[in-house]
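Residue numbers (full-length UniProt numbering): 1 to 71. Just so it is clear, CB atoms sit at the ideal spot from N, CA and C, and this is done for glycine as well.
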């Protein structure tokens, strides 16, 4: 698994907020956490691993692609 920096996580959280807003998915208080697991930074919206954030983004991207297909 790739190591993500605080800047990477902040950027991904920004994308999550932009893509999630139309669907009511809002995590305005989410931030890169200070807690780490095996040396990796956790995302501070329930101390989730970065994989949770990446999975949410993947689902939102798929949803947008499917909506464009049905137009």
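Quick check on residue i: does DSSP put it in helix, strand or coil?
i	result
residue 30	coil
Taking residue i as the reference, give the member of the options with the closest Cα.
i	options	result
residue 15	69, 68, 70, 54	54
residue 67	22, 5, 4, 49	22
residue 9	26, 69, 30	30
residue 4	26, 27, 50	50
Are the beta-carbon atoms belonging to residue i and residue j less than 8 Å from one another?
i	j	result
residue 20	residue 60	yes
For residue i and residue j, which I take to be in contact (beta-carbon distance under 8 Å), what is that distance rounded to the nearest angstrom?
i	j	result
residue 12	residue 57	7 Å
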